[in-house]
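**Student:**
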Amino acid sequence: MPTFLNLFQRQMASLEGKIQAYEDVLRKLSSRFGISDEQLMSFALAESAAESATQPDLYAATPEVRKFFWVLGSEPYLSTTSLVSHIADHTEEDFNRDDFTRATGFIGKSSEISWLQMLSKYVNSGCEVCHPTSDIPSPALTSSCDGPIASSNYHLDDFDMPTVERLDTSELPSKDTATKLFNAYLSSVHPSFPIIGISTFASQFQAFFHNPSLKPGNKWLAILNLIFAIGARYAHLTNAEWRRDEDDHYSYFIRASNMSLEGQLLHHSDLQQLQVEGLASFYMLSSGHINRSWKLCGSAVRSALSLGLHLRNIGTCTSDTSKEIRYRVWWALYTLEHRLSVMTGRPSCIIDVACTTPLPVPFDESDFRKESVMRLINRSTPEDLSQPGPASNSSPNSNLRKTGKGMESADASAAAPCKSLYFLQLIKLTSIAKKMTSKLYNPDGVEKPWSSMVFAIRGLMLDLDSWLINLPAAYDFTSTHASQGSATHRMSLALTFYSTKIGITKPCLRRIESSALGDKSEEFCRKAAAECVESACHMLRLFPEPLEASLLHKLSPWWCILHFLMQATAVLLIELSFHVQHVPEKAAMVSKAAIKSYDWLAVMSETSMASEKARRMCDEFLRRLGFNGGAEIHSFPCIAGLASRNSPDDEPHDPRPRLTRIVAPDGFRGGVGPMPLSPVDHSTAAFARPLSVGLEAPEAHEFDQDEKALTVHNLYDGYLPYDPNTGQITGSFFSPEDDIDIGLGPYYWDEAMGDHYYQQPASASPMIPNDPR
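Structure (structure tokens):
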């Protein structure tokens with residue numbers, strides 16, 4: 001018995017020592033993050049009393065009481081100490097109700113669609129808002145304020161996929177057209193989504209079009225047609241001179257679907273099928289069908305998991321170059337899955353702590369044969385395996401691979417600008433955004449006390465600032481110096497950066513109550529909300545002048561640019577509904593940014609039905625907030641002295657009427673009903689600058705051209721994008737790239753990278769590898 005007591009006492013002493021050590025660390029961290037002892041105490045008490053009976057029962061409360069506790073995106077509405085944040089995440093909709101609601105499905109709180117729905121409810125809830133000065137009705141905001149979230153969805157999920165009669169699945173474009181489509185894909189998509197290995201696939205591409213007797217398998221042909229579909233979509237959005245029929249991308253997609261998507265449900269996973277599903281998901285995203293894209297991406301990710309692509313490969317049966325390509329396939333799906341997770345607000349199916357896939361090396365495939373790069377990608381040494389991976393770090397940010405010889409580390413900050421270095425930075429930024437959705441928007445994060453949310457927001461902002469500080473100079477979009485990096489890559493990183501900052505600070509964007517003035521937590525939220533609004537304005541400043549949709553699509557991640565635009569637009573509209581409480585000194589800037597977002601939606605709607613739907617929603621919100629036909633901008637509360645804008649009498653343009661739309665139930669069509677154009681005078685766009693752009697981005701790149709060998713002429717170096725003294729973006733940072741219009745060049749043939757999938761007759765020429773890895 002004494003032995004037991006002695007053991008118990010020793011264990012208690014050990015536990016007390018550990019608790020004291022934890023308290024010391026927590027106190028140091030709290031001082032670092034500006035959290036007082038009182039806040040820490042309330043945090044602990046709230047954790048232990050999370051199930052307390054003193055919590056308000058919102059489910060049993062009257063609509064008036066529930067309205068009182070209403071929050072935009074589940075954040076505390078009246079006070080940071082509100083117990084509403086402890087209510088378990090829930091849904092009140094039946095998403096299986098009909099075709100209309102099923103087409104959109106569940107939309108979570110990280111999605112701007114959810115923000116727009118909550119804004120629609122807020123401006124119709126009886127809370128004090130800006131009432132219009134005229135009697136122009138707003139059908140979407142009045143008839144559907146209590147309708148399904150599908151009524152706030154501006155994507156094309158409620159449209160059926162088109163059908164093409166008498167489609168020959170074996171038909172292919174001419175070699176010239178195929179080359180241009182392939183180049184369009186490689187120049188605009190591949191750097192951000194390297195799901196295929198360029199070197200091997202390019203060799204196969206050339207062999208296939210030079211030797212008609214070759215008979216590749218259906219999966220390879222499906223990959224080829226999906227590349228054509230994405231390239232054709234890009235050609236139409238950028239008004240490429242060589243583009244073909246308006247709907248040719250649908251034909252390419254349907255061919256690919258007939259070859260390798262239909263009837264694959266019960267088949268086992270393989271790498272090519274995974275690539276087919278990933279490319280199909282990307283095409284759906286670029287076409288505005290995010291629910292279908294999310295479903296296909298989930299299938300691709302599960303296939304990747306079943307093939308072990310989420311783990312480091314130390315085997316000897318696969319070449320090092322093939323391992324590197326497969327790592328990039330995984331990270332391509334990782335970034336795509338996260339983007340869709342944010343757009344839909346749905347949980348991610350990738351658990352970072354279960355993944356050990358190394359980050360890609362900051363060198364393009366054209367450099368893989370260099371001895372120094374080969375040493376870097378050879379990660380099977382014991383020295384390398386001793387390095388911690390994402391499973392121990394919970395983040396790809398610290399997972400730079402070591403070699404043990406030759407090169408001590410993959411110093412990305414010192415590497416020359418290239419597509420792979422850009423993709424590496426995109427992965428790191430995506431990992432921060434992924435932590436954001438997990439900590440701030442998942443049920444586990446929402447149910448924690450508000451002090452815990454504040455702590456998480458501070459930490460995520462530090463992570464974001466750290467990423468920006470360590471960003472290689474070539475991609476630093478805040479630098480005042482000339483850059484040799486690609487303008488499109490800097491644009492992509494800038495948009496993703498501000499999108500992530502908006503997502504981190506969005507929980508703090510809510511009305512300021514006078515009773516909460518002086519509260520430290522409230523002061524933090526006010527500053528974070530101001531950051532959110534300013535980030536939305538910064539994002540709008542990234543959009544080039546003049547307003548030209550083809551130019552924007554050449555310079556940006558065109559497949560999700562509407563998502564970025566609507567994120568910023570939703571934040572600006574929410575701030576306007578709050579009478580610009582968080583940045584009253586910048587009320588004019590907020591109003592101009594909101595109008596500029598509408599200008600861009602109007603321009604983009606000429607070639608995009610999704611943009612047209614978004615424009616109508618934005619139009620209705622602007623009218624509801626007081627910006628009506630014939631009214632001046634000063635009709636916005638707290639905004640005066642701005643130039644008035646007259647309303648054009650144009651009727652809404654409805655492009656591409658051939659698509660068939662799922663009919664919504666009565667009363668649930670408000671968000672997409674016909675509305676006249678909003679009263680915006682396009683002769684003087686918001687944020688207009690006297691600079692004449694004259695920018696013509698290349699429509700085709702040689703796909704084996706080494707990016708660092710290209711000369712980039714910065715016409716905008718004299719118009720610096722960022723003022724370090726004020727922290728404000730002062731202009732565009734876009735730089736044109738030299739037009740490169742050369743034919744397909746020779747490619748090295750790495751047999752170790754691919755298996756032999758081609759099916760050919762006995763009389764055909766020698767077999768070539770058919771693994772697009």
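Residue numbering for the sequence shown follows UniProt numbering, starting at 1 and increasing by one per position.
For every residue, glycine included, the Cβ atom is placed at its ideal position computed from N, Cα and C.
CA-CA distance, residue 423 and residue 253?
**Tutor:** Approximately 26 Å between the Cα atoms of the pair.
**Student:** Express the C-alpha separation of residue 22 and residue 562 in angstroms, rounding to a whole number.
**Tutor:** Answer to the nearest angstrom: the Cα atoms are 46 Å apart.
**Student:** So, for residue 310: in the same chain, excluding its five sequence neighbours on each side, which residues have a beta-carbon less than 8 Å away from its beta-carbon?
**Tutor:** Around residue 310: 304, 330, 350, 354, 355, 356, 357.
**Student:** To which residues of the same chain is residue 194 closer than 6 Å at the C-beta, ignoring the five residues directly before and after it?
**Tutor:** Closer than 6 Å at Cβ, skipping near neighbours: 328, 332.
**Student:** In angstroms, rounded to a whole number, what distance separates the CA positions of residue 26 and residue 345?
**Tutor:** Approximately 32 Å between the Cα atoms of the pair.
**Student:** Does DSSP classify residue 298 as helix, strand or coil?
**Tutor:** Three-state DSSP puts residue 298 in a helix.
**Student:** When we look at the beta-carbon of residue 363 and count the other beta-carbons within 10 Å, is it buried (16 or more) or exposed?
**Tutor:** Buried is the call here.
**Student:** Given residue 535, which residues of its chain have a CB within under 6 Å of its CB, disregarding the five upstream and five downstream residues?
**Tutor:** Within the same chain, residue 535 has close Cβ partners 498, 501, 502.
**Student:** Taking the C-alpha atoms as reference points, what is the distance between residue 242 and residue 235?
**Tutor:** Spanning the two alpha carbons is a distance of roughly 8 Å.
**Student:** Flag this pair as yes or no: are the beta carbons of residue 167 and residue 244 separated by less than 8 Å?
**Tutor:** Against a cut-off of 8 Å, the Cβ pair of residue 244 and residue 167 comes out as no contact.
**Student:** Under DSSP, the alpha helix (DSSP H) around residue 205 begins and ends at which residues?
**Tutor:** It spans 198-210 - the alpha helix (DSSP H) in which residue 205 sits, taken as one unbroken run.
**Student:** Using a threshold of 8 Å, state whether the C-beta atoms of residue 569 and residue 532 are closer than that.
**Tutor:** No.
**Student:** Measuring straight from C-alpha to C-alpha, what distance separates residue 428 and residue 180?
**Tutor:** Roughly 31 Å between the two C-alpha positions.
**Student:** With a threshold of 16 other CB atoms inside 10 Å of the CB of residue 225, please say whether the residue is buried or exposed.
**Tutor:** The residue in question, residue 225, is buried, as its Cβ has 16 or more Cβ neighbours within 10 Å.
**Student:** Can you check whether the CB of residue 438 is closer than 8 Å to the CB of residue 492?
**Tutor:** No.
**Student:** Residues in its own chain within less than 7 Å of residue 73 by CB, not counting five upstream and five downstream?
**Tutor:** Because the pLDDT of residue 73 is 40, which lies under 50, any placement of that residue in the model is unreliable, and the number read from its coordinates should be weighed accordingly. Hits under 7 Å: 109, 114, 115, 118, 506, 507.
**Student:** Measuring straight from C-alpha to C-alpha, what distance separates residue 275 and residue 289?
**Tutor:** Their Cα atoms are separated by approximately 19 Å.
**Student:** Are the CB atoms of residue 237 and residue 550 nearer to each other than 8 Å?
**Tutor:** Yes.
**Student:** Let me check understanding here. Comparing Cα to Cα, which of 457, 183, 592, 560 lies closest to residue 627?
**Tutor:** With distances taken between Cα atoms, residue 627 lies closest to 592.
**Student:** If you follow the alpha helix (DSSP H) that residue 780 is in, where does it begin and where does it stop?
**Tutor:** With the chain covering 1 to 773 only, the question about residue 780 has no answer from this structure.
**Student:** Does DSSP classify residue 218 as helix, strand or coil?
**Tutor:** The answer is helix: DSSP assigns residue 218 an H, G or I state.
**Student:** Beta-carbon within less than 6 Å of residue 380's beta-carbon, same chain only, minus the 5 sequence neighbours each way: which residues are those?
**Tutor:** Any answer about residue 380 is weak, because its pLDDT of 49 lies below 50 and its placement is not dependable; what the coordinates show is given next. Counting only Cβ-Cβ distances below 6 Å, and skipping sequence neighbours, we find 314.
**Student:** Put residue 189 into one of helix, strand or coil per three-state DSSP.
**Tutor:** Coil.
**Student:** Per DSSP, what kind of secondary structure is residue 310 in: helix, strand or coil?
**Tutor:** Residue 310 falls in the coil class under three-state DSSP.
**Student:** In angstroms with no decimal places, state the Cα-to-Cα distance between residue 260 and residue 251.
**Tutor:** If I take the Cα positions, the gap works out to 14 Å.
**Student:** Return the first residue and the last residue of the alpha helix (DSSP H) that residue 322 is part of.
**Tutor:** Run containing residue 322: 320-344, per the alpha helix (DSSP H) assignment.
**Student:** To the nearest angstrom, how far is it from the Cα of residue 479 to the Cα of residue 15?
**Tutor:** Their Cα atoms are separated by approximately 50 Å.
**Student:** Cutting at 6 Å between CB atoms, please list the residues of its own chain near residue 176, excluding the five before and the five after it.
**Tutor:** Around residue 176: no qualifying Cβ.
**Student:** Let me know the secondary structure DSSP gives residue 242 once reduced to three states.
**Tutor:** In the structure shown, residue 242 sits in coil (DSSP, three-state: anything other than H, G, I, E or B).
**Student:** Does residue 92 come out as helix, strand or coil in the three-state DSSP assignment?
**Tutor:** Coil, per DSSP.
**Student:** Tell me whether the beta-carbon of residue 790 lies closer than 8 Å to the beta-carbon of residue 415.
**Tutor:** Residue 790 falls outside the range modelled here, since the chain spans only 1 to 773, and no answer is possible.
**Student:** Roughly how many angstroms lie between the CA atoms of residue 442 and residue 589, to the nearest whole one?
**Tutor:** Rounded to the nearest angstrom, the two C-alpha atoms are 32 Å apart.
**Student:** Taking just the CA atoms, how far does residue 320 sit from residue 373?
**Tutor:** Their backbone Cα atoms lie some 11 Å apart in a straight line.
**Student:** Do residue 198 and residue 190 count as a contact pair if the criterion is CB distance below 8 Å?
**Tutor:** Their beta carbons are under 8 Å apart, which means residue 190 touches residue 198 by this criterion.
**Student:** For residue 475, does the three-state DSSP call read helix, strand or coil?
**Tutor:** Residue 475: helix per DSSP, three-state reduction.
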